[in-house]
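Following: one structure in structure tokens, then a few remarks.
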Amino acid sequence: MTQLSVSDLSFSYPDGTEVLKQVSLAISPGERVGLLGPNGAGKTTFVLHLNGILRASSGTISLGGMTLSDQTLREIRRRVGLVFQDPDDQLFMPTVFADVAFGPANFGFPPEQVEHRVKSALESVGEWHLADRAPHHLSGGERRKVAIATVLASDSELLVLDEPTSNLDPAGRRELVALLSLLPTTQLIVTHDLPFVFELCPRSIIMDGGRVVADGPTGELLSNRQLLAAHRLELPFGFDPTNIAPR
Amino acid sequence: MSGGHAHALHFHGHSPIHRLPAAVKLVGLLAFVLAVVATPAGAVWAFSGYTVILMVLLVLSEVPARFFLTRLAIDLPFIAFALLLPFVGEGPRVELGPFAVSAAGLLGAWNLIAKATLSAGASVLLAATTEVPDILAGLSRLRVPAVLVAIASFMIRYLEVVAGEFRRTRIAMAARGYKPRSALDWKPVAVSAGALFIRSFERGERVYQAMLARGYDGNWRTGAHEPITRSQWLAGLLPGIVAATIMLASRLL
């Protein structure tokens, strides 16, 4: 059974620049998958296709058997929870509560359910006490967790995180690892933070130049120095995946 | 800035005035300000009445007088302008200490100072006792079009973000020795303002994508409002009603 299935997805900008070239991949329910690649590989563009914010020139995307089209757009957007790279883009309402409530309210949940969902989403990231705060008064780690809560509140089945570790301090990063490893939702983590992916994702996909260039167990991919070097990916100094037992 | 209680104008508290629904306070403020500006300048006793109302509210709100007065300083530019009026005004002169000043200008100055200060005072009191999100919710409850409320809310949300970007740009310029001496040196400032505009525009696009991702379809959905009781309306509008009565009396007498 597959949860997310993407086949032959291509996308070009109006000026003709090809950003995605026949991308195909499949993710099973409950999987946590890393999407790696250098800057400009097309990762963010790809992610914006998953819930139809950008529409492909060709190819199909389906989620739990439902194919993305104008008719299913709304339902797909509810099922795919996108966490943007900069939480200041994601958190646009005056309070944390109102922000987490934005999704469920739009997806038509009745008001009393919205409140319940906001509470349980914020509790599941451990930040219910921030409900009345203004987003711009939160720390980086708090913002990141609240941003994740904004998509959990709509019962997303696939969580897509774009560069979740950017601008986090080491403790915030560790808390994020702990949080994501406990969430049962299927996750696609877009990043070039290789140790982060190694810690969280048994499987990874490498994307470069708009194509999928590798797909396999994270440990194997990260041990392949030639592969990493060919796609401008680098392990931090002293980090050797062959010496560390994956989780 | 204290904890999450956002803006510099707000004084955290639990007084009866803090607890009144924002929508009621907004209507009350509007009634009070309208009454003040509709009062003839010569009715000095009416302005004393308004001042008493404002002082009673201030005491009830438990906002310290010092906090209130420093925020009221926003009024100063108007006062400075008003103080010029007696000297530049035309018509018959009256003796005022060593100066002979225009009688009409003097009345105009008094009119401006009294009305601006009372209105600003009432607004400062609203801001001191009401959180920004509550003011926004109050506006939407008063059927202000959702798009306008949303624009105001985005402005408040992103003001600090954009100000932060501007601050970093200025530091980066200063770090590389930029120190404007003449008007000609202002070019980098203009260029960086343009860059800031582009960056904000791009952020707007990303925010819109984030809204779409969470199901935004052009309809702004606001949450349910807690009902406002009749006694809350009455309590909140009382100062406005008293002020309106004073205003009517001042116009009729």
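Here the protein sequences line up with chains L and G, keeping their order. Numbered per the working numbering, the first sequence spans residues 26 to 272. Numbered per the working numbering, the second sequence spans residues 41 to 293. Every residue, glycine too, gets a C-beta built ideally from N, C-alpha and C.
Compare the C-beta of residue i against all C-beta atoms of chain G and say whether one is closer than 8 Å.
i, result
"M232 (chain L)", "no"
"M91 (chain L)", "no"
"L73 (chain L)", "yes"
"H161 (chain L)", "yes"
"G128 (chain L)", "yes"
"F134 (chain L)", "no"
"P209 (chain L)", "no"
"I214 (chain L)", "no"
"P119 (chain L)", "yes"
"L45 (chain L)", "no"
"S145 (chain L)", "no"
"D114 (chain L)", "yes"
"G86 (chain L)", "For the sequence presented, residue 86 (chain L) should be read as Ile rather than Gly. No, I86 (chain L) does not count as interfacial toward chain G."
Mark residue i as exposed unless 16 or more other C-beta atoms lie within 10 angstroms of its C-beta, in which case mark it buried.
i, result
"T243 (chain L)", "buried"
"H217 (chain L)", "buried"
"H265 (chain G)", "exposed"
"Y198 (chain G)", "buried"
"S222 (chain G)", "exposed"
"T269 (chain G)", "exposed"
"V231 (chain G)", "exposed"
"K227 (chain G)", "exposed"
"L70 (chain G)", "exposed"
"V171 (chain L)", "buried"
"S82 (chain L)", "exposed"
"N76 (chain L)", "buried"
"V185 (chain L)", "buried"
"K65 (chain G)", "buried"
"P39 (chain L)", "exposed"
"G43 (chain G)", "Annotation note: pLDDT 40 at G43 (chain G) (below 50); position unreliable, no value reported."
"R80 (chain L)", "exposed"
"Q138 (chain L)", "exposed"
Under a CB-based cut-off of 8 Å, is residue i close to chain L?
i, result
"G217 (chain G)", "no"
"G44 (chain G)", "Any reading at G44 (chain G) is ruled out, since the residue's pLDDT is 44, under 50, leaving its predicted position unreliable."
"V201 (chain G)", "yes"
"P80 (chain G)", "no"
"D115 (chain G)", "no"
"L252 (chain G)", "yes"
"V76 (chain G)", "no"
"F107 (chain G)", "no"
"G255 (chain G)", "yes"
"P173 (chain G)", "yes"
"V247 (chain G)", "yes"
Would you list the residues sitting across from residue i in a DSSP beta bridge?
i, result
"T211 (chain L)", "L:L183"
"S142 (chain G)", "G:R133"
"I231 (chain L)", "L:L61 and L:A239"
"S232 (chain G)", "Answer by DSSP bridge pairing: none, since S232 (chain G) is not bridged."
"V31 (chain L)", "L:L50 and L:I86"
"T92 (chain L)", "L:S87"
"T216 (chain L)", "L:L61"
So what does DSSP say about residue i, is it helix, strand or coil?
i, result
"H45 (chain G)", "Caution applies to H45 (chain G), whose pLDDT of 45 falls short of 50 and renders its modelled position unreliable; the model cannot decide the point."
"Q110 (chain L)", "coil"
"M118 (chain L)", "coil"
"E152 (chain L)", "coil"
"V105 (chain L)", "strand"
"G241 (chain L)", "strand"
"R236 (chain L)", "strand"
"S206 (chain L)", "helix"
"T175 (chain L)", "helix"
"T169 (chain G)", "helix"
"T190 (chain L)", "coil"
"T267 (chain L)", "helix"
"G133 (chain L)", "coil"
"S164 (chain L)", "coil"
"D124 (chain L)", "helix"
Using a Cβ-based criterion (distance less than 7 Å to any ligand heavy atom), does residue i qualify as near the ligand GDP?
i, result
"P220 (chain L)", "The ligand GDP is absent from the structure shown, which contains no ligand whatsoever."
_Restricting to runs no shorter than 3 residues, where is the beta strand (DSSP E) found entirely within the region 33-76 of chain L?_
Given a length threshold of 3 residues, each whole run of the beta strand (DSSP E) inside the region 33-76 of chain L is given here in chain order: 43-52 and 57-61.
*Note down, one range per segment and in chain order, each alpha helix (DSSP H) of at least 4 residues found wholly within the region 172-224 of chain G.*
The qualifying runs are 172-181 and 186-215.
_Just to confirm the assignment: which complete alpha helix (DSSP H) runs, minimum length 4, are found wholly within the region 43-127 of chain G?_
Those alpha helix (DSSP H) runs which fall completely within the region 43-127 of chain G and span 4+ residues are 56-59, 62-77, 84-101 and 105-111.
*Which runs of the alpha helix (DSSP H) spanning at least 4 residues fall entirely within the region 240-292 of chain G, listed in chain order?*
For the region 240-292 of chain G, whole alpha helix (DSSP H) runs of length 4 or above, ordered along the chain, are 270-292.
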